[in-house]
Amino acid sequence: MRGGLLREEGGFTLPELLVTMVMMLTVLFALYSIFDMSIRVFSFGSDEVEAVENGRLGLEKVERELRGAYPYDKAAGEEVLFPSFGPNPSRAITFGNDLDGNRMVDVPAEQITYTLSASGSRRALLRNGQPTTEFVEPGGLTFEYLDEFGSRATDEAGVSLVRIELRVDVNGRAQTLATDVALRNRDT
């Protein structure tokens, strides 16, 4: 009687269980590799987007501050906005913003200098020596001084527009960000 009961009970044999387990492991490894690849692609894409967004925010800050560039001594009738005006285009820019309302750029906090860090594989846009934007290409910062007609200005008094170009590079993918800034405090 006992032998008859065992024959009638249904179940899986050991080879069937082993084949099922191997098939499930194969499917799980395939799903894991797809998941891992999608995480890597997402991470790469988000790093690039973050660097470009960081570059855009840095460029907007330069643009906002440069738009409000103020003559160094307007109270005395001086209209010099860029005391270090030199080669055109330039890799750095220095200007002032009158923060205390005395119509002069007379304290260090009112003078602003934007330049590119001098060393390192990940260069940065610096504002008064402090990094504001990373992943800038070597030589990826340019300021071009333009006159009212859009030609390169030959002297500081003729500057009415500044063209800024910033190139960021993330993992070999470069993006160029550019803007033109009209100067509000230039009496022309």
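To convert, count from 1 in the sequence shown and add 1; that's the numbering used here. From the three backbone atoms N, C-alpha and C, an ideal C-beta is built for every residue, glycine too. Keep in mind the model is a prediction, meaning the values are calculated, not measured.
| Check | Outcome |
| --- | --- |
| Start-to-end residues for the beta strand (DSSP E) that takes in Val-139 | Looking at the sequence provided, one finds Pro at residue 139 rather than Val. Element bounds for Pro-139: 131-147. |
| Alpha-carbon to alpha-carbon, Asn-103 and Glu-138 | 39 Å |
| Close-in-space but distant-in-sequence residues of the same chain around Ile-113 (CB under 8 Å, 5 per side omitted) | Glu-66, Thr-95, Phe-96, Gly-97, Asn-98, Arg-128, Asn-129 |
| Limits of the unbroken beta strand (DSSP E) element including Arg-128 | 124-128 |
| Cut-off 7 Å between Cβ atoms - residues of its own chain near Pro-88, not counting five sequence neighbours on either side | none |
| Sequence-distant residues of its chain with Cβ nearer than 7 Å to Tyr-71 (five each side left out) | Gly-97, Asn-98, Asp-99, Val-106, Asn-186 |
| Bridge-paired residues (DSSP) for Ile-94 | Tyr-115 |
| Beta strand (DSSP E) segment containing Asp-181, residue limits | 174-183 |
| Beta-ladder partner(s) of Leu-162, from DSSP | Leu-147, Ala-183 |
| Beta-carbon separation (whole angstroms), Phe-144 vs Pro-90, contact threshold 8 Å | 6 Å |
| Close Cβ partners of Ala-93 (< 6 Å) along its chain, the five nearest in sequence each way excluded | Thr-116 |
| Segment contact flag, the region 50-64 with the region 167-183, C-beta cutoff 8 Å, min 3 pairs | yes |
| DSSP beta-bridge partners of Leu-167 | Leu-142, Leu-178 |
| Same chain, Cβ closer than 7 Å to Glu-111, neighbours up to 5 away in sequence not counted | Gly-97, Asn-98, Asp-99, Leu-100 |
| Beta-carbon proximity of Val-160 to Asp-170, cut-off 9 Å | no |
| Beta-bridge partners of Arg-153, as assigned by DSSP | Leu-147 |
| For Asp-99, the residue or residues it bridges with in DSSP | Its beta-bridge partners do not exist; DSSP assigns none. |
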